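Undergrad: Chains as they are written, first to last, in the numbering used here: chain A, 1 to 252; chain B, 1001 to 1276.
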Amino acid sequence: MSQISRRKLITTGLAATAGVSGLAVAAKLAGRFGLIPPDAGVLYGAGETLTYAAQRLLTRHSLAREFAPSQVSKVPFANAVAPPSPEFQRLQQGAFADWRLAVDGMAARPASFSLAEIKGFPTRTEITMIQCEEGWSYIAEWKGVPLSHILDLVGAAPQVRYVVYRSIQTDWWESIDMADALHPQTLVTHGMNGDELPVPFGGPLRLRVPRQLGYKSVKYITRLTLTDSLKGFGKGLGSAAPEGGYAWYAGI
Amino acid sequence: MRILRRGRPRIQCPTGTPWYILQMADSLVGQTFVATAADTTLPPRHSAVVRVTHWLITLSFLALLLTGVEILISHPRFYWGETGNAGTRPLFTVPIPASRGTVPTGYGYVLPDQNGWSRYLHFQSAWLAVFTGLLYLSYGFFKGHFRRNLVPARSDLSARGLLSVIAGHLRFKPPSEQEAWSYNVLQRLTYLLVVFVLFPFVIWTGLAMSPAVVSAIPALVNVLGGQQSARTLHLFASGFLVLFLLVHVLMVWFAGFRNRVRAMITGRPATPMERA
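(1) How would you call B/Thr1132, buried or exposed, if buried means at least 16 neighbouring beta carbons within 10 angstroms?
(2) State the start and end residues of the unbroken beta strand (DSSP E) segment that holds A/Pro146.
(3) Skipping 5 residues on each side, what residues in its chain have a beta carbon closer than 7 Å to that of B/Val1214?
(4) Taking the alpha-carbon positions, what's the B/Ser1125 to A/Gly19 distance?
(5) Mind pulling the chain A residues with CB within less than 7 Å of B/Ser1074?
(6) Could you check whether the stretch 1220-1237 of chain B touches the stretch 1187-1203 of chain B, counting it as contact only if at least three pairs of C-beta atoms, one from each stretch, sit closer than 8 Å?
(7) Would a check of beta-carbon distances place A/Ser62 closer than 7 Å to chain B?
(8) Check whether the Cβ atoms of B/Ser1118 and B/Ile1071 sit closer than 7 Å, and answer yes or no.
(9) Mind listing, in chain order, the continuous alpha helix (DSSP H) runs of no fewer than 4 residues lying wholly within the stretch 151-206 of chain A?
(10) Going by the DSSP bridge assignment, what does A/Leu101 pair with across the sheet?
(11) Taking just the CA atoms, how far does B/Ala1270 sit from B/Glu1177?
(12) Count the other CB atoms, across all protein chains shown, that sit within 10 Å of the CB of A/Ala64; report buried if there are 16 or more and exposed otherwise.
(13) Assign B/Gly1144 to one of three DSSP states: helix, strand, or coil.
(14) Looking at the C-beta of B/Thr1036, does it have a partner C-beta in chain A at a distance below 7 Å?
(15) Using a Cβ-Cβ cut-off of less than 7 Å, give me the residues of the stretch 44-62 of chain A that come near chain B, in sequence order.
(16) Can you list, in chain order, the stretches of the alpha helix (DSSP H) that have 4 or more residues and sit fully within the stretch 1125-1190 of chain B?
(17) Taking CB distances under 7 Å as the criterion, tell me whether B/Gly1108 reaches chain A.
(18) Would you identify the three-state DSSP class for A/Gln212, choosing helix, strand or coil?
(19) Touching or not, the stretch 153-162 of chain A and the stretch 223-233 of chain A, by the rule of three or more beta carbon pairs under 8 Å?
(20) Okay, do the stretch 1226-1234 of chain B and the stretch 76-87 of chain A touch, 3+ Cβ pairs below 8 Å being the bar?
(21) Do A/Tyr138 and B/Asn1115 have their C-beta atoms within less than 7 Å of each other?
(22) What's the C-alpha gap between A/His61 and A/Val209?
(23) Under the assumption that B/Ala1212 contacts A/Gln185 (Cβ atoms under 8 Å), give the Cβ distance between them as a whole number of angstroms.
(24) Does the stretch 1239-1257 of chain B touch the stretch 1156-1164 of chain B, meaning 3 or more C-beta pairs lie closer than 8 Å?
(25) Just by C-beta distance, which residues in the stretch 105-130 of chain A are closer than 8 Å to chain B?
(26) Which residue marks the beginning of the beta strand (DSSP E) containing A/Met129, and which one marks its end?
(27) Tell me whether A/Thr222 sits in a helix, a strand or coil according to DSSP, three-state version.
(28) Does any CB atom of chain A fall closer than 7 Å to the CB of B/Leu1066?
(29) Is DSSP giving A/Gly31 helix, strand or coil here?
(30) With DSSP as the reference, label A/Phe67 as helix, strand or coil.
(31) Give me the subset of the stretch 75-88 of chain A whose CB atoms are less than 8 Å from a CB atom of chain B, sorted by chain position.
(32) Counting along the chain, where does the alpha helix (DSSP H) carrying A/Phe96 start and finish?
(33) Cα separation between A/Gly45 and A/Asp39?
(34) Can you check whether the C-beta of A/Ala181 is within less than 7 Å of a C-beta belonging to chain B?
(35) Terminal residues of the continuous alpha helix (DSSP H) containing A/Thr59?
(36) Checking contacts by CB at 7 Å: is B/Pro1104 closer than that to chain A?
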């Protein structure tokens, strides 16, 4: 057996100490710059943190690919949703005239907007792809109000770090960080392919987050909450996705 | 100094003498020597970095494969171009049942959904593979591993030389003792293909499926012909890696499974003297 020399012992010790303190500093910096996802503590949180941090450093301001009108899918796929709640059915019978989007949390002027009010806000139209984590996809033209416009209207506090959004379907809620919430392509969507947003595709209101996979684009949204911490929401993992075993961040 | 001893005569060899020289000396003297001190003075067959990265890549690849299959099952249809879904015509369909009821497969049942943990573990394993790969690549370039052990000698690349090695493989000729200590030309070319073509390509096609990554680097997906093309190519690249894995294990089996695996764990194959 080779003997462990003093030099080797000291070098190894120094390297280990440097490694551990390097990791600690990296973790602290990552937390400070918002590079730690809320589900970092789950079983595969290490890989998830690397993915989220790397993608945030790479993509903070990048724009999702947009396509030509000729590339819009002839056959978009709506995917299955849970049967509509009685409340949804009642609103649907009234042509969604009574649909409202409440905005609360850390806002100077919390508000509740009617569908008509939202449709009167400045709109953006974009042709982007929606990809499901299962592997399928389609391209559509989406029309809606940039989420950043609504955050401006309610006077979002500077310390807001996440926007939590909920569907009228119970137990369906998600959240995004400010890089996505203030992103110009993130839309409170009410139109698709030149028409109203059809119910199977999330009408009357769907939050489209085109830089993430489809499950972050929650259908039938009724409420936005601005917050600086996700601890008080559900199990504190950020959204319903990690509670069901899926990653909170869905950029890949 | 390295001392070989079995009674008399006594031969002294300089440290680092290759084993086959020792064996020649051995046969000259007409004695079977037992190497003392368990050969620890010989350089290992595989360096520590190669051994550690080999098993880390093995671990991450098996996890990537298992979770990749689970993810595939949720939509076993493949397309070409930018988009594709259950309502469009596939390029081809993997004839297996799916874990989602919305996919037409022809099977009357739906498998359980495993995508949550599979996707988490797939990306965690991908990170392990990337870090291990970077360690291996920097070692390979800076310490001359690629130049010394993987780049074939020009003389071995002649048509005749290649054909004779291929013919040997086709006749299932067991490898010579020298091949326990050096890769043959087919091995070298295959490993270079896996390290410098297949692994980079499978990582590239994986990243090309990410809506966030391609928002920053659209060329990643555009040059592949679209996001669904990237997904299809990711499947093909994985298929070639699985083919490599199967042939690799089969070859190790033919060459002597225990001895070759031992060399990749401890660094030392059993010497011919030990096996005698």
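By construction, the Cβ of each residue, glycine as well, lies at the ideal position given by its N, Cα and C atoms.
Values in this document were obtained by computation on a predicted structure and should not be read as measured data.
TA: On the basis of the supplied data:
(1) A buried status is given to B/Thr1132, since no fewer than 16 other beta-carbon atoms sit within 10 Å of its beta-carbon.
(2) Counted as a single uninterrupted DSSP element, the beta strand (DSSP E) harbouring A/Pro146 occupies residues 137-146.
(3) If we look at B/Val1214 and ignore the five residues flanking it on each side, its Cβ neighbours are Ala1208, Leu1220, Val1221.
(4) B/Ser1125 and A/Gly19 have their C-alpha atoms roughly 21 Å apart.
(5) In chain order: Glu134, Gly135.
(6) By the Cβ rule, the stretch 1220-1237 of chain B counts as touching the stretch 1187-1203 of chain B, because three or more pairs are nearer than 8 Å.
(7) Taking a beta-carbon distance threshold of 7 Å, A/Ser62 counts as an interface residue toward chain B.
(8) In contact: B/Ser1118 and B/Ile1071 (Cβ atoms closer than 7 Å).
(9) Qualifying alpha helix (DSSP H) stretches, in chain order: 178-181.
(10) DSSP, once it has assigned bridges, lists A/Phe113 as partnering A/Leu101.
(11) Note on geometry: alpha-carbon atoms of B/Glu1177 and B/Ala1270 lie some 11 Å from one another.
(12) Buried, because 16 or more other Cβ atoms sit within 10 Å of the Cβ of A/Ala64.
(13) Correct three-state label for B/Gly1144: coil.
(14) Here B/Thr1036 scores only 42 on pLDDT, less than 50, and its place in the model is too uncertain to base an answer on.
(15) Interface annotation for the stretch 44-62 of chain A against chain B: Tyr44, Ala46, Gly47, Glu48, Leu50, Thr51, Gln55, Leu58, Thr59, Ser62, criterion Cβ-Cβ distance under 7 Å.
(16) Whole alpha helix (DSSP H) segments, 4+ residues: 1159-1170.
(17) It does not: the Cβ of B/Gly1108 has no partner Cβ on chain A nearer than 7 Å.
(18) A/Gln212 sits in coil when the DSSP states are folded into three classes, being neither helix nor strand.
(19) With the cut-off at 8 Å, the stretch 153-162 of chain A and the stretch 223-233 of chain A touch.
(20) The stretch 1226-1234 of chain B, when compared against the stretch 76-87 of chain A, does not touch it at the 8 Å Cβ threshold.
(21) Remark: C-beta atoms of A/Tyr138 and B/Asn1115 do not approach each other more closely than 7 Å.
(22) It is roughly 13 Å from the alpha-carbon of A/His61 to the alpha-carbon of A/Val209.
(23) Contact check for B/Ala1212 and A/Gln185: beta-carbon distance about 12 Å, past the 8 Å limit, so the pair fails to qualify.
(24) Counting C-beta pairs with one atom in each stretch, the stretch 1156-1164 of chain B and the stretch 1239-1257 of chain B have fewer than three that are closer than 8 Å, which means they do not touch.
(25) So the close ones are Met129.
(26) Taken as a continuous stretch (DSSP letters only), the beta strand (DSSP E) holding A/Met129 covers 124-131.
(27) In the structure shown, the three-state DSSP call for A/Thr222 is strand.
(28) Not one chain A Cβ lies under 7 Å of B/Leu1066.
(29) For A/Gly31, the three-state secondary structure derived from DSSP is helix.
(30) Coil at A/Phe67, not helix or strand.
(31) Taking 8 Å as the Cβ-Cβ cut-off against chain B, the residues of the stretch 75-88 of chain A that qualify are Val75, Pro76, Phe77, Asn79, Ala80.
(32) Element bounds for A/Phe96: n/a, residue is neither H nor E.
(33) The straight-line gap from Cα to Cα measures roughly 6 Å.
(34) Not one chain B Cβ lies under 7 Å of A/Ala181.
(35) Where A/Thr59 is concerned, the enclosing alpha helix (DSSP H) starts and stops at 45-59.
(36) Cβ-Cβ to chain A under 7 Å: no for B/Pro1104.
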